[in-house]
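To start, the structure itself, in structure tokens.
2 protein chains.
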Amino acid sequence: MKYVDMSREQLLEQQEALKAEYSAFAAKGHKLDMSRGKPSPEQLELSAGLLDAVDSSTDFAAAAEVDVRNYGGLEGIEGARRILGHMMGIPASNVIALNNSSLKIMYDLVAHAMTHGIMGSTPWAKLDTVKFLCPSPGYDRHFSVCEHFGIEMVTVPMGEDGPDMDMIEELVSSDESVKGIWCVPQYSNPQGYVYSDETVARFAALKPAASDFRIFWDNAYVIHHLYEDHPTVANIKDACDAAGNPDIYYEFASTSKITFAGAGISGVGASDANIADIKKFIFFSMICPDKINQLRHAIFFAEEGSLEAHMRKHAGLIRPKFEMVEGILSEQIGELGIGTWTSPRGGYFICFDGLPGTAKRIVELAADAGVKMTGAGAMYPYKRDPEDKTIRIAPTYPSVEDLRNAAELFSICVKLASIEKLLEA
Amino acid sequence: MKYVDMSREQLLEQQEALKAEYSAFAAKGHKLDMSRGKPSPEQLELSAGLLDAVDSSTDFAAAAEVDVRNYGGLEGIEGARRILGHMMGIPASNVIALNNSSLKIMYDLVAHAMTHGIMGSTPWAKLDTVKFLCPSPGYDRHFSVCEHFGIEMVTVPMGEDGPDMDMIEELVSSDESVKGIWCVPQYSNPQGYVYSDETVARFAALKPAASDFRIFWDNAYVIHHLYEDHPTVANIKDACDAAGNPDIYYEFASTSKITFAGAGISGVGASDANIADIKKFIFFSMICPDKINQLRHAIFFAEEGSLEAHMRKHAGLIRPKFEMVEGILSEQIGELGIGTWTSPRGGYFICFDGLPGTAKRIVELAADAGVKMTGAGAMYPYKRDPEDKTIRIAPTYPSVEDLRNAAELFSICVKLASIEKLLEA
Numbered sequence: 001m002k003y004v005d006m007s008r009e010q011l012l013e014q015q016e017a018l019k020a021e022y023s024a025f026a027a028k029g030h031k032l033d034m035s036r037g038k039p040s041p042e043q044l045e046l047s048a049g050l051l052d053a054v055d056s057s058t059d060f061a062a063a064a065e066v067d068v069r070n071y072g073g074l075e076g077i078e079g080a081r082r083i084l085g086h087m088m089g090i091p092a093s094n095v096i097a098l099n100n101s102s103l104k105i106m107y108d109l110v111a112h113a114m115t116h117g118i119m120g121s122t123p124w125a126k127l128d129t130v131k132f133l134c135p136s137p138g139y140d141r142h143f144s145v146c147e148h149f150g151i152e153m154v155t156v157p158m159g160e161d162g163p164d165m166d167m168i169e170e171l172v173s174s175d176e177s178v179k180g181i182w183c184v185p186q187y188s189n190p191q192g193y194v195y196s197d198e199t200v201a202r203f204a205a206l207k208p209a210a211s212d213f214r215i216f217w218d219n220a221y222v223i224h225h226l227y228e229d230h231p232t233v234a235n236i237k238d239a240c241d242a243a244g245n246p247d248i249y250y251e252f253a254s255t256s257k258i259t260f261a262g263a264g265i266s267g268v269g270a271s272d273a274n275i276a277d278i279k280k281f282i283f284f285s286m287i288c289p290d291k292i293n294q295l296r297h298a299i300f301f302a303e304e305g306s307l308e309a310h311m312r313k314h315a316g317l318i319r320p321k322f323e324m325v326e327g328i329l330s331e332q333i334g335e336l337g338i339g340t341w342t343s344p345r346g347g348y349f350i351c352f353d354g355l356p357g358t359a360k361r362i363v364e365l366a367a368d369a370g371v372k373m374t375g376a377g378a379m380y381p382y383k384r385d386p387e388d389k390t391i392r393i394a395p396t397y398p399s400v401e402d403l404r405n406a407a408e409l410f411s412i413c414v415k416l417a418s419i420e421k422l423l424e425a
Numbered sequence: 426m427k428y429v430d431m432s433r434e435q436l437l438e439q440q441e442a443l444k445a446e447y448s449a450f451a452a453k454g455h456k457l458d459m460s461r462g463k464p465s466p467e468q469l470e471l472s473a474g475l476l477d478a479v480d481s482s483t484d485f486a487a488a489a490e491v492d493v494r495n496y497g498g499l500e501g502i503e504g505a506r507r508i509l510g511h512m513m514g515i516p517a518s519n520v521i522a523l524n525n526s527s528l529k530i531m532y533d534l535v536a537h538a539m540t541h542g543i544m545g546s547t548p549w550a551k552l553d554t555v556k557f558l559c560p561s562p563g564y565d566r567h568f569s570v571c572e573h574f575g576i577e578m579v580t581v582p583m584g585e586d587g588p589d590m591d592m593i594e595e596l597v598s599s600d601e602s603v604k605g606i607w608c609v610p611q612y613s614n615p616q617g618y619v620y621s622d623e624t625v626a627r628f629a630a631l632k633p634a635a636s637d638f639r640i641f642w643d644n645a646y647v648i649h650h651l652y653e654d655h656p657t658v659a660n661i662k663d664a665c666d667a668a669g670n671p672d673i674y675y676e677f678a679s680t681s682k683i684t685f686a687g688a689g690i691s692g693v694g695a696s697d698a699n700i701a702d703i704k705k706f707i708f709f710s711m712i713c714p715d716k717i718n719q720l721r722h723a724i725f726f727a728e729e730g731s732l733e734a735h736m737r738k739h740a741g742l743i744r745p746k747f748e749m750v751e752g753i754l755s756e757q758i759g760e761l762g763i764g765t766w767t768s769p770r771g772g773y774f775i776c777f778d779g780l781p782g783t784a785k786r787i788v789e790l791a792a793d794a795g796v797k798m799t800g801a802g803a804m805y806p807y808k809r810d811p812e813d814k815t816i817r818i819a820p821t822y823p824s825v826e827d828l829r830n831a832a833e834l835f836s837i838c839v840k841l842a843s844i845e846k847l848l849e850a
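From first to last, the protein sequence lines stand for chains R and D.
Read in my numbering, the first sequence has 77 at position 77, and its numbers run on one by one without any break.
Numbers in my numbering are just positions in the second sequence, counted from 1, shifted up by 425.
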């Protein structure tokens, strides 16, 4: 029976029972965390071999085109550019391979555009208004970059095929202050949606009012499939080249959730002209990235198909966690009409939508009982979820046992918050 | 006999003999490089053990306060902060340990000041004029950062005790647009001078007109001694704290020339208030630095005194190179009155001053005969050496045999260029 169909008395009765369950859980003193998209220790173990890929016996004269231990090679070594290019479907020559954080590359590109513009355009800091389109719910750290630089964020609704392209086409073509859009096209954060071919084609065909408009194509989960049978986002480079729009995108990828979250490699893929523009400014900031770590990755993934085989091991570890959370949600609240959630085929998150006006309360209840969730609202620009209903669930890090407890408690919190909300009405 | 005392005929006679020597050298088809401060392959071998410090058998639960393989720890791990702090004479808690490039940290701090100011000051990009003082000859990559951001560079003369403090005190206290100064206080690049205690005390006691003035104290060679008997620069943190000026400096250090030039760790040391200000903005740019590489360094240098012992091995390899270059210069041109050079007790460079108007020609002659030198002028703001006389010699990278050839040829080029200049007069 749906909560909405229950009488006040029935709801109060449910509430009492739930409060008891909640208190019993809280009394156990759990400290569980479903807040961040972190690999579990077991996943990190999958890359133990990476740590042995380079050691004191390595023949550095033969290992790469330069001595990776010394200065030089601003754009990274060929082997690293090849891996990242392979992930993105972009030739190595169109990839710059850098250090461990793709977020840092995105931040640096925005920072550079603020002070210098892009390819000689007016520095964004000199403009009255700079806007980024933000498909939402989306990735909080993308939005934080905008907030940090005073870039106005325009929320664009997300659907299963990607963001609202009508709205994007309209805004991008009519407003010169729209300089960028954040996209996580394969397994969007937090829904796990995959942009459809039509969406990608429409992105590639955009006619921006601003010459320095860029699509920030953050392909963070490009090969992070949970199932063999999965959708695949179309290649943005090919689409943009075909549309005669080769410079409109920057694509990003990293091995943070492939090898080590704290010590992977990351890179940016782009057109020849963009790569030249980027190299010109990163020259001023450093002599070279950490090429030894790049070599580790090049060696660890030297064999064809090894990257994909490695990702299947990840899937083997985290697929059961996704399925367990979805199973518990179905079992606990599936029939109650108080929430829906996504069933991603890959990526790192499940997106939960509760009744309007319950998200903050759910997160608060969970926290008080020892389960940390991503802050409600974090998935929206300015941390403002207009309906206060979206919660991001990150199932990868906790152990199966912890995750079971966390998901059970989460379900209790959803029920409690929903009843509170319904009783208010 | 000094060239200046020679008759025209004597000079022409010398020139003829030198031209023959030069041609004979050029005919050998050498490709030698005394241009950049790179460690030699033998120096890189000294840190081979670093590559084995972390491997698949490492117990990550016990190795550091966090699992270095995963996300987290924006300011770096304790072990890395301790090493960098030890080098700088700053507590670990006042150090942020980041990735491989201290230049990148400096660049990011300037970039951030451009868009956000420092501790809430007006963003530098919003000011009509921003100036940095540039003790010169100095490090070309410092000057490039200024040039990139359109920061006006003011040349300050360098002496054996450091830069001209009278001039600095005057400019810093009277001109609010003076926002920074580049310093390499221990073994200055390129002279190898060590700032005197008085210089450091006067830096610490500066009374800047601008609240967001910072001393960029790039202590790149802080422990890079060639001799046991060496001068040591005073501790800038202690001096600034004592002078009641705790926020006036940022100090930088890295292991680029200790372990691997392309894969070391680096960090910034500063007051509590500066560290808080820096952490606040780097939060927006990344989740964490590469903590596995930090752990490698923490393990490799865990034993007290190991860092110093390691540096003595470097000195053992490069001191003979410095001494050979100085020896050849003395032998070849010591009596000719056409050049002087520094005799550093540490660092990576020897600074050569030829007759005014000869530096470009010397570098050109050397290049044409197969010996690459740092571009003449590079050690000055805007690459403009006012007297065209300074050349940076980087003796570390070439083999002893190559270096001998390069130094011999360099001496020939100095003599040739000097004679050309004297014959012009």
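Positions of the beta carbon are idealized from the N, C-alpha and C atoms, including for glycine.
On a predicted model such as this, the values are computed, not experimentally measured, just so you know.
DSSP beta-bridge partners of residue i
| i | result |
| --- | --- |
| Thr390/R | Asp353/R |
| Gly346/R | His225/R |
| Gly341/R | A quick correction: the sequence has Trp, not Gly, at residue 341/R. BP columns for Trp341/R point to Phe352/R. |
| Ile96/R | Val268/R |
| Thr580/D | Cys559/D |
| Pro398/R | Note: Pro398/R sits in no beta bridge, so no partner. |
| Arg214/R | Gly180/R |
| Asp458/D | Lys797/D |
| Gln186/R | Val194/R |
Residue nearest to residue i in terms of C-alpha spacing, selected from the options
| i | options | result |
| --- | --- | --- |
| Lys179/R | Leu103/R, Cys134/R, Ala63/R and Asn94/R | Cys134/R |
| Ser256/R | Gly497/D, Lys463/D, Leu651/D and Leu471/D | Gly497/D |
| Ala97/R | Leu295/R, Leu46/R and Val172/R | Leu295/R |
| Pro714/D | Leu499/D, Ala517/D and Asp458/D | Leu499/D |
| Ser691/D | Gly462/D, Ala723/D and Gly779/D | Ala723/D |
| Val130/R | Val156/R, Thr342/R, Val110/R and Ser418/R | Val110/R |
| Glu826/D | Gln757/D, Lys746/D, Tyr532/D and Lys797/D | Lys746/D |
| Phe557/D | Pro671/D, Lys551/D and Asp600/D | Asp600/D |
| Pro386/R | Asn245/R, Pro137/R and Cys183/R | Pro137/R |
| Val414/R | Arg392/R, Ile338/R and Ile282/R | Ile338/R |
| Met851/D | Pro588/D, Val609/D, Ala629/D and Pro516/D | One cannot answer for residue 851/D here, as it falls past the ends of chain D, which runs 426 to 850. |
Expected contact under 8 Å - CB spacing of residue i and residue j to nearest Å
| i | j | result |
| --- | --- | --- |
| Ala740/D | Leu828/D | The pair is not a contact, with the Cβ atoms about 16 Å apart (cut-off 8 Å). |
| Ser211/R | Ser271/R | About 14 Å; that fails the 8 Å criterion. |
| Met804/D | Thr815/D | 5 Å |
| Phe774/D | Asn614/D | 6 Å |
| Ala263/R | Ala239/R | The pair is not a contact, with the Cβ atoms about 32 Å apart (cut-off 8 Å). |
Beta carbon of residue i nearer than 7 Å to that of residue j
| i | j | result |
| --- | --- | --- |
| Tyr428/D | Leu754/D | no |
| Ile215/R | Ile248/R | yes |
| Gly377/R | Gly192/R | no |
| Val520/D | Gly510/D | yes |
| Val145/R | Val194/R | no |
| Asp586/D | Thr540/D | no |
| Asn219/R | Met6/R | no |
| Phe260/R | Ser47/R | yes |
| Lys880/D | Gly795/D | The requested residue 880/D is not part of the displayed model; chain D covers only 426 to 850. |
| Lys38/R | Asn495/D | yes |
Three-way DSSP call (helix, strand, coil) for residue i in this model
| i | result |
| --- | --- |
| Ile83/R | helix |
| Tyr380/R | coil |
| Phe835/D | helix |
| Ile593/D | helix |
| Met513/D | helix |
| Ala678/D | strand |
| Gly162/R | strand |
| Gln191/R | coil |
| Arg141/R | helix |
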